[in-house]
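Below: the structure, in C-alpha cells.
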Amino acid sequence: SPIEVLVQKIHPQSYNVTLYKEELNKKEKSNFNALENLLLNLSTDGIIVVDRFGYIQYSNYAFSEISKYSVETLKNKLFYPLFVRSNEWSQHSGKETLCYDDLLALDGALIPVQIIRHNIKINQNEKGTVYIIKNISQLKIVEN
C-alpha cells in the first residue's frame, strides 16, 4: 500500500514527520489528504520524501518553486544529482543531519540551500529520508 506522509512545521527549524503505511478508510484519507496538502504546500521550505534507493516519492510546491522542476517531473527522479556536493553529505548515517549545498535548478541556476535530513524507518524492511530544503540565497547576499 502507498505511504502517506504528514509533515507539520512546529518551529522554524523543527518539523513533525508522520508516515502512514496502512490503508485509511475513505473519509479519514480524504481528511488526511486535505490536511497534508495544506501543511505541505503552505510551507515556504521545500519538503522531499526519498525512498531508500534515492528516488523522490513526494515533493511539495515550495521545492518545485525553488528548483523550477514541476512536482510531476520530480516524482521518481533520482534525488542526489540535483545537488552539487551531495556525495559529501548523502552518506552520513546520523538520524538528523544539517548541511549546506547548491541546488542545480532546471534553468541551470545554482541556488544555495540549507538541507535538514531526517532518516526514517517505515517498517522492518523499508527506510527512507525526508529532506527539508531552505533557499538561503537572500542570506548569502546579505553575508557578501
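The working numbering puts the sequence shown at residues 946 to 1089.
Ideal Cβ positions, reconstructed from N, Cα and C, are used throughout, including at glycine.
query: Below 7 Å between beta carbons: does that hold for leucine 1055 and aspartate 1046?
result: As a position in the sequence shown, residue 1055 is number 110, starting the count at 1. As a position in the sequence shown, residue 1046 is number 101, starting the count at 1. In this structure, leucine 1055 keeps its C-beta atom at 7 Å or more from the C-beta atom of aspartate 1046.
query: isoleucine 992: which of Phe1008, Ile1001, Asn1070 sits nearest, CA to CA?
result: Taking the sequence shown and counting its residues from 1, one reaches residue 992 at position 47. Nearest to isoleucine 992 by C-alpha distance, out of Phe1008, Ile1001, Asn1070, is Phe1008.
- request: Would you list the residues sitting across from asparagine 1080 in a DSSP beta bridge?
  value: For the purposes of this step, residue 1080 is taken as residue 135 along the sequence shown, with counting starting at 1. Paired residue(s): Val1058.
- prompt: Between Val1058, Asn1080, Lys1079, Glu1071, which lies nearest to phenylalanine 998 when the distance is taken from Cα to Cα?
  reply: Position 53 of the sequence shown, counting from 1, holds the residue named residue 998. Looking at the Cα atoms, Glu1071 is the closest of the given residues.
query: Taking the C-alpha atoms as reference points, what is the distance between leucine 969 and serine 988?
result: Locating residue 969 in the sequence shown gives position 24, counting from the first residue. Locating residue 988 in the sequence shown gives position 43, counting from the first residue. Low confidence applies to leucine 969: its pLDDT is 49, below 50, so where it sits in the model is not reliable, and the reading given next is rough at best. Computed Cα separation, rounded: 25 Å.
field: Neighbourhood of arginine 1030 by C-beta distance below 6 Å, restricted to the same chain and skipping five residues each side
entry: Stepping through the sequence shown from its first residue, residue 1030 is reached at position 85. Once the five neighbours on either side are set aside, the close Cβ partners of arginine 1030 are Asp1046.
- request: Report the three-state DSSP secondary structure of phenylalanine 914 (helix, strand or coil).
  value: Because the chain is modelled from 946 through 1089, residue 914 falls outside the range shown and cannot be assessed.
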